[in-house]
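Peer 1: So that we are looking at the same thing, I have put the structure below in structure tokens.
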Amino acid sequence: MEKIEKHLKSSKEKDHAKPLDKPEQFLHQLSQIPNFHERVFCILFQSSFTECISSILRKLDIMQRVCKTLQSGEGVMNVLGLILAFGNFMNGGNRTRGQADGFNLDILPKIKDVKSVDAGKETCVYPLPEPQDLFQASQMKFEEFHKDMLRLRKDLRAVLRFKTVLRKPEVLEFNTQLRTKLNLIAVY
Numbered sequence: 001m002e003k004i005e006k007h008l009k010s011s012k013e014k015d016h017a018k019p020l021d022k023p024e025q026f027l028h029q030l031s032q033i034p035n036f037h038e039r040v041f042c043i044l045f046q047s048s049f050t051e052c053i054s055s056i057l058r059k060l061d062i063m064q065r066v067c068k069t070l071q072s073g074e075g076v077m078n079v080l081g082l083i084l085a086f087g088n089f090m091n092g093g094n095r096t097r098g099q100a101d102g103f104n105l106d107i108l109p110k111i112k113d114v115k116s117v118d119a120g121k122e123t124c125v126y127p128l129p130e131p132q133d134l135f136q137a138s139q140m141k142f143e144e145f146h147k148d149m150l151r152l153r154k155d156l157r158a159v160l161r162f163k164t165v166l167r168k169p170e171v172l173e174f175n176t177q178l179r180t181k182l183n184l185i186a187v188y
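Its first residue numbered 1, the sequence shown is counted upward by one per residue in the UniProt record's numbering.
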């Protein structure tokens, strides 16, 4: 924009100055709209807010479900105890593992595949969180989650600042929509 402004100033001084191309003319006309930067910021924020908050809420929901299942599921400790006992028993006769005790957590999703000998019906009730939820919860990086929340808060504050500048009839609907979204995030 600065270059376009410089070009326009210098072209006024020169008689045979080259006119702006259509894209530059368009950008110059956009820059003439009052509070253009603030309006664009608010529009972009409004379009990305729902997706951003949905992503954050989805991550929180997965983490809460996994934690609740692991903390309060009575069957979790029983299943882990059975896995340990069966694993230790089966490893007892295995020379290559040398009487290894314990198990790795990566076998937990395989528990769902345990079948009986009668027509291949599943006999294992799966008290652990869904393997996909466990995987997603294990992949969450709290630093990134925190960074997303801080960025969202910073953008919200900027929109609130811009909102005072943009108190005109044409943006009242936007203000109403923004207030609704702010109330949604205020819960978190």
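Cβ coordinates follow ideal geometry from the N, Cα and C atoms, glycine included.
1. Please classify residue 62: does DSSP put it in a helix, a strand, or coil?
2. For residue 140 and residue 57, I'd like the C-alpha separation in whole angstroms.
3. Would you call residue 42 buried or exposed, if buried means 16 or more other Cβ atoms sit within 10 Å of its Cβ?
4. Could you spell out where the alpha helix (DSSP H) holding residue 34 opens and where it closes?
5. Within this structure, are the beta carbons of residue 4 and residue 28 separated by less than 8 Å?
6. Looking at the structure shown, is residue 130 part of a helix, part of a strand, or coil, going by DSSP?
7. Just the Cα atoms here: how many angstroms apart are residue 163 and residue 69?
8. Determine the burial state of residue 129: buried for a count of at least 16 other Cβ atoms within 10 Å of its Cβ, exposed for fewer.
9. With a threshold of 16 other CB atoms inside 10 Å of the CB of residue 66, please say whether the residue is buried or exposed.
10. Should residue 49 be labelled buried (16 or more other beta-carbon atoms within 10 Å of its own) or exposed?
Peer 2: According to the structure data:
1. helix
2. Cα to Cα, residue 140 sits roughly 13 Å from residue 57.
3. buried
4. Premise fails: residue 34 is in no alpha helix (DSSP H) and is neither H nor E.
5. yes
6. coil
7. 43 Å
8. By the 16-neighbour rule on beta-carbons within 10 angstroms, residue 129 is buried.
9. buried
10. By the C-beta density criterion, residue 49 is buried, having at least 16 other C-beta atoms within 10 angstroms.
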